[in-house]
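Numbering (UniProt numbering), first residue to last: 1 to 237.
Ideal placement from N, C-alpha and C gives every residue a C-beta, glycine not left out.
Since the model is a prediction, treat every value here as computed from it, not as a measurement.
What follows is a single structure, written as structure tokens, with notes after it.
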């Protein structure tokens, strides 16, 4: 309701383009962002969640709002339309867009009070109920086609369940490290290479090896080795 209210108020006050951050959540299964060993997953309660599922009622409510605003596109974007605004009580405003030389019109009736509902009589014997903190969209400034506080779309409740056969068991295999422990690598490089680019995602394992040759061993008898790494395992010998 808050998002719909903000969007409707934006168009009521002359806005012509609305973007969302975000509209579709995302989960980075490719491990290409987010830092070492982090799978980035987020959706910020977006209309479409991180897996692309509809986040109801938000998605459906905004869809109806978009359709309502779209129905008045020709009038709202017409440079020659006559625009008027009139106050109808505490925090209640009517914004009218009317085509010159035509009966066509489009109106936004907003109630910006955060707790007080409003009954607005725009025409004789015709009252409009506008809940607190909401905007009504009136086609031809008469027929209410949408209100941001009146949510009448379905609600989804997702339940997370384990996928696959629950009787599956874990297995393991030893990593072939004979060549690695002997200092035999697959190829040489003069710089530290990025793991995913080297393994092309085919393996979670990659050994980096370097050798330092010391001629004067007497000065290194009481030396210490300091290594900064985010890797899982380090061998030094």
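The Cβ atoms of residue 134 and residue 149 lie closer than 7 Å to each other. By the Cβ rule, the stretch 100-110 counts as touching the stretch 75-85, because three or more pairs are nearer than 8 Å. With a cut-off of 8 Å on Cβ pairs, the stretch 140-154 is in contact with the stretch 54-72, counting three or more such pairs. A distance below 7 Å separates the beta carbons of residue 110 and residue 12. For residue 190, there is no enclosing beta strand (DSSP E), as DSSP gives it neither H nor E. Taking the Cα positions, residue 138 is about 59 Å away from residue 203. For residue 111, DSSP records a beta bridge to 92, 134.
Of the candidates 195, 208, 140, the residue whose Cα lies closest to the Cα of residue 188 is 208. Each residue's CA atom was taken as its position, placing residue 182 and residue 196 some 24 Å apart. Going by DSSP, residue 195 is part of the alpha helix (DSSP H) stretching over 195-199. Three or more beta-carbon pairs drawn from the stretch 84-95 and the stretch 112-127 are found closer than 8 Å, and the two stretches are therefore classed as touching. Straight across, the Cα-Cα distance linking residue 25 with residue 54 is about 11 Å. Separation of residue 165 and residue 56 (C-alpha to C-alpha, rounded to the nearest whole angstrom) is 29 Å.
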